[in-house]
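Q: Got a structure for you, questions after.
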Amino acid sequence: MNLNDSIQNITVAIIGAGFAGLRAAQRFEQLGINYMIFEGSDRVGGRVFPFSYQSGYLQYGAEYVNGEDNEIYETVKKNNLLSATEIDEEGYETVVYGQEVNNKMYKIWDKFESSTNEKLERDGARKEVKNQSVSERIDFYFSDFMKAQKLSQSEQTVMQNMNKLFKNQYQLEWSAPSTDLCLRNFDTWDSGVDSEATLNEIGFKSILDELASKVPKTKIGMSSKVVNVDYTGTKVKIMLSNGQYFLFDSVIITASLGYLKKHKTTLFTPALSVSKSAAIDRFGFGNNMKIFLEYNDPWWPNGMSTIQISGRVGNTETSNSLEDDLMVFQPFLWARKILVAWVAGNGPLEASKLTDSQLMTVLDNHLDTNLKNVYIVSKIQRIHRHSWISDEFALGSYSYISNKSCQSNTDDIKLMRDPILTNRRPVICFAGEHTDSEMFQTVVGAARSGLREADRIANYYSLL
Ligand SMILES: Cc1cc2nc3c(=O)[nH]c(=O)nc-3n(C[C@H](O)[C@H](O)[C@H](O)COP(=O)(O)OP(=O)(O)OC[C@H]3O[C@@H](n4cnc5c(N)ncnc54)[C@H](O)[C@@H]3O)c2cc1C
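With the first letter of the sequence shown counted as 1, position 87 gets the number 71 in our numbering; the numbers rise by one all the way through.
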């Protein structure tokens, strides 16, 4: 890009030092544009949050890399971050009402699951059904399928619970209630090559460090929460929670969709347009939580990939509905004493109300009562978790196309992304995973969005 001298004189504020903000900053470093990042929390990375554990890092947030034709995957290759071993997908254990699901049931179920996955993908592009929710469509196929089976009452119960677990898989992967996850997500979301890379024990720590190393620490104001962005004057005024304010030519805001939903009316002066504000309200922002359960020794067999639990047994009423969402547990390849509970639905909210020791009791009881016919489950020693739903700067996990957004027949991602212009000058630019049309939800989408908005600003000023 050939920039003229005027670009040296402009200054840009970037709100947020997650992947969108850091990637925008990296671009400005390259182009010699003055900028300052304001980060509300006391760390960089946002929803990428590695924490040190034994010889590596566990991830409270992003863990897998989607697609291959993107910069994040390039870093994965360059830094040798791919896991050397893959999880054995066949190593499943499914328990319904405390009983192991038998091979006959698995066989029947597997046929249904694989054909339904394919049908759902296709349905995402079918005009007559693409606005339906995943849950509605799965139940439609399930009821059809069950009519053709000759099963006893107890076998039907097993199948119904397998169906519940199936819907929960979508809920976990897309971080959206399956009743609000619109089929259109499958047609809109596109990572190019349909792959999801599992990383080694260093994984996202290395990706984050590499990106952060391109941005001088002096250009990031940590613990600098922006409470208002005022674009009434020629310069944009950024107001911090401590009362300090600063003036800039342009701003890139990368706050999460959860943050925008909650704070958009006080965050901008004047208020956002009705159409942008409505898109922010309509688009989905989900909840997801990983709880890392640390044991003295693994009690699950070698080669186990996933334990799925459905149906409540025993008296596990410590909290209202948390147990219903404690369905999926997975061991780690390199952290042998860790089992991770993947929690979606109401689970993250319910879990956030409990202390670690209360949560450990719920989990211990839940695993023991449900699995006692299959394994000897030992007691959890410690748990590690981050509550995204109560993290004041995230307020949830990641975005998805909701039913309301589908039904509105608007391009909500574009509406959320459109910059605010004054005489064609991009005054407020919107980045963050929720603004990437094809890879919303992801780190790849977040980084791409930061680069896109940095280039938007650079392009404008270079054309002056
Ligand atoms: C549990 C979980 C698992 C995930 N798994 C994956 C995965 O496997 N692969 C994948 O690709 N993605 C995954 N994601 C999603 C991925 O982490 C996000 O899409 C991505 O990190 C978002 O980056 P971002 O820059 O858009 O937003 P963020 O990372 O949220 O960055 C925004 C930054 O802005 C700051 N901020 C917000 N408001 C203010 C304010 N008012 N003032 C100052 N600073 C502010 C925040 O503190 C934050 O640092 C996962 C997310 C979660 C929660």
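For every residue, glycine included, the Cβ atom is placed at its ideal position computed from N, Cα and C.
Taking Tyr41 as the reference, give the member of Leu192, Leu224, Glu334, Asn443 with the closest Cα.
A: Looking up residue 41 in the sequence shown gives position 57. That would be Leu192, whose Cα lies nearest to the Cα of Tyr41.
Q: Relative to the C-alpha of Met344, which candidate in Lys201, Asn115, Glu278 has its C-alpha closest?
A: Translated into the one-based positions of the sequence shown, residue 344 becomes position 360. Of the listed residues, the one whose Cα sits closest to Met344 is Glu278.
Q: Measuring only from the beta carbon, is Ile(-1) closer than 6 Å to any heavy atom that is part of ligand 1?
A: Locating residue -1 in the sequence shown gives position 15, counting from the first residue. For ligand 1, at least one heavy atom lies less than 6 Å from the Cβ of Ile(-1).
Q: Are Ala328 and Asn272 closer than 7 Å when you measure CB to CB?
A: As a working note, residue 328 is residue 344 in the sequence shown. As a working note, residue 272 is residue 288 in the sequence shown. In this structure, Asn272 lies closer than 7 Å to Ala328 by Cβ.
Q: Tell me which residue opens and which closes the beta strand (DSSP E) that Leu231 is part of.
A: Walking along the sequence shown from the start, residue 231 turns up at place 247. Note, Leu231: beta strand (DSSP E), 229 to 232.
Q: Among the residues of its own chain, which have a CB less than 7 Å from the CB of Phe129, if the five just before and after it don't count?
A: The sequence position of residue 129 within the sequence shown is 145, counting from 1. Same-chain partners within the cutoff: Phe96.
Q: Out of Gly5, Ser421, Pro332, point me to the one whose CA is closest to Ser381's CA.
A: Position 397 of the sequence shown holds residue 381. It is Pro332 whose Cα lies nearest to the Cα of Ser381.
Q: Less than 7 Å between the beta carbons of Asn184 and Ser67, yes or no?
A: Here residue 184 refers to the residue found at position 200 when the sequence shown is read from its first residue. Here residue 67 refers to the residue found at position 83 when the sequence shown is read from its first residue. Contact flag set, yes.
Q: Please return the same chain residues whose Cβ sits closer than 7 Å to the Cβ of Tyr444, not counting the five positions on each side in sequence.
A: Position 460 of the sequence shown, counted from the first residue, corresponds to residue 444. Excluding residues within five positions, the ones whose Cβ falls inside 7 Å are Arg409, Pro410.
Q: Are three or more beta carbon pairs between the region 151 to 158 and the region -7 to 9 nearer than 8 Å?
A: Not touching, per the Cβ criterion.
Q: Is DSSP giving Pro410 helix, strand or coil here?
A: Start at 1 with the first residue of the sequence shown, and residue 410 comes out as number 426. In this structure, Pro410 counts as strand in the three-state DSSP scheme.
Q: Quick one, are the C-beta atoms of Ala438 and Arg11 less than 7 Å apart?
A: One-based indexing of the sequence shown puts residue 438 at position 454. One-based indexing of the sequence shown puts residue 11 at position 27. Yes; because the gap between Cβ atoms is below 7 Å, this pair is in contact.
Q: Could you check if Gly187 is buried or exposed, using at least 16 other CB atoms within 10 Å of its CB as the buried criterion?
A: One-based indexing of the sequence shown puts residue 187 at position 203. Gly187 should be labelled buried.
Q: Kindly provide the ranges of any alpha helix (DSSP H) runs that are 4 or more residues long and lie completely inside the region -12 to 68, ordered along the chain.
A: The region -12 to 68 contains these whole alpha helix (DSSP H) runs: 3 to 15, 55 to 62.
Q: Under 7 Å, do Phe269 and Leu241 count as touching if we go by C-beta distance?
A: As a working note, residue 269 is residue 285 in the sequence shown. As a working note, residue 241 is residue 257 in the sequence shown. Yes, these two residues count as a Cβ contact at 7 Å.
Q: If we count the other Cβ atoms within 10 Å of its Cβ and call it buried at 16 or more, is Ile322 buried or exposed?
A: Locating residue 322 in the sequence shown gives position 338, counting from the first residue. Counting Cβ neighbours within 10 Å, Ile322 comes out buried, since at least 16 surround it.
Q: Would a C-beta distance cut-off of 7 Å place Lys245 and Ser225 closer than the cut-off?
A: Locating residue 245 in the sequence shown gives position 261, counting from the first residue. Locating residue 225 in the sequence shown gives position 241, counting from the first residue. Their beta carbons are not under 7 Å apart, which means Lys245 does not touch Ser225 by this criterion.
Q: If distances are taken between C-alpha atoms only, which option among Glu307, Leu306, Gly287, Gly295 comes closest to Phe316?
A: Position 332 of the sequence shown holds residue 316. Looking at the Cα atoms, Gly287 is the closest of the given residues.
Q: For ligand 1, any of its heavy atoms closer than 6 Å to the Cβ of Arg436?
A: In the sequence shown, residue 436 corresponds to position 452, counting from 1. Result no, Cβ not under 6 Å from ligand 1.
Q: Thr290 to Lys356, Cα distance in whole Å?
A: As a first step, residue 290 must be located in the sequence shown, where it is residue number 306. As a first step, residue 356 must be located in the sequence shown, where it is residue number 372. Straight-line Cα distance between these residues: approximately 17 Å.
Q: Ignore the nearest five residues each way along the sequence and tell me which others in Ser207's own chain have a CB closer than 8 Å to its CB.
A: The residue labelled residue 207 in the question sits at position 223 within the sequence shown. Closer than 8 Å at the Cβ level, and outside the excluded window around Ser207, lie Glu23, Gly24, Ser25, Asp26.
Q: Should Gly466 go down as buried or exposed, given a rule of 16 or more other Cβ atoms within 10 Å for buried?
A: Since the first residue of the chain shown is -15 and the last is 448, residue 466 is not available in this structure.
Q: Beta-carbon of Lys388 versus every beta-carbon of chain B: anything under 7 Å?
A: This model lacks chain B altogether, as it is built from one protein chain only.
Q: When DSSP labels each residue in this structure, what does Trp326 get in the three-state scheme?
A: In the sequence shown, residue 326 corresponds to position 342, counting from 1. If DSSP states are grouped into helix, strand and coil, Trp326 belongs with the strands.
Q: Which complete beta strand (DSSP E) runs does the region 373 to 430 hold, if anything under 3 residues is left out?
A: The qualifying runs are 404 to 406, 409 to 414.
Q: Secondary structure at Ser303, three-state DSSP: helix, strand or coil?
A: As a first step, residue 303 is located in the sequence shown; it is residue number 319 there, counting from the start. Confidence at Ser303 is low in this model, with a pLDDT of 48, below 50, so the placement of that residue is unreliable and no value is reported for it.
Q: Closest by CA to Arg369, which one among Ser136, Phe35, Leu104?
A: Along the sequence shown, one-based indexing puts residue 369 at 385. Checked all of Ser136, Phe35, Leu104; the closest Cα to Arg369 is Phe35.
Q: I'd like to check one pair, Thr100 with Leu125: are the Cβ atoms closer than 7 Å?
A: Here the question's residue 125 lines up with position 141 in the sequence shown. Here the question's residue 100 lines up with position 116 in the sequence shown. The sequence shown places Tyr at residue 125, rather than the Leu named in the question. Going by C-beta atoms, Tyr125 is nearer than 7 Å to Thr100.
Q: Examine ligand 1 and report whether any of its heavy atoms sits within less than 6 Å of the Cβ of Lys209.
A: Mapped onto the sequence shown, residue 209 falls at position 225. Yes.
Q: For Met273, list the residues DSSP reports as bridge partners.
A: For the purposes of this step, residue 273 is identified with residue 289 of the sequence shown, where counting begins at 1. Its beta-bridge partners are Val327.
Q: Are there any heavy atoms of ligand 1 lying less than 6 Å away from the beta-carbon of Glu307, as far as the coordinates show?
A: Looking up residue 307 in the sequence shown gives position 323. Result no, Cβ not under 6 Å from ligand 1.
Q: Under a Cβ-count criterion, where at least 16 other Cβ atoms within 10 Å of its own Cβ denotes burial, should Val220 be classed as buried or exposed?
A: The residue given as residue 220 occupies position 236 in the sequence shown. With 16 or more other Cβ atoms within 10 Å, it is buried.
Q: In chain order, what residues of the same chain lie with their CB nearer than 7 Å to the CB of Leu165, ignoring the 5 residues before and after it?
A: Numbered from its first residue, the sequence shown carries residue 165 at position 181. Excluding residues within five positions, the ones whose Cβ falls inside 7 Å are Ser117, Val118, Tyr154, Trp158, Tyr384.
Q: Note down the Cα distance separating Ile122 from Leu104, rounded to an integer number of angstroms.
A: Translated into positions along the sequence shown, residue 122 becomes position 138. Translated into positions along the sequence shown, residue 104 becomes position 120. Going from the Cα of Ile122 to the Cα of Leu104 covers about 8 Å.
Q: Return yes when at least one heavy atom of ligand 1 lies under 6 Å from the C-beta of Phe3, else no.
A: Working through the sequence shown from its first residue, we reach residue 3 at position 19. Yes, since a heavy atom of ligand 1 falls inside the 6 Å radius drawn around the Cβ of Phe3.
Q: Is Val177 buried or exposed, if buried means 16 or more other CB atoms sit within 10 Å of its CB?
A: Translated into positions along the sequence shown, residue 177 becomes position 193. Classification for Val177: exposed.
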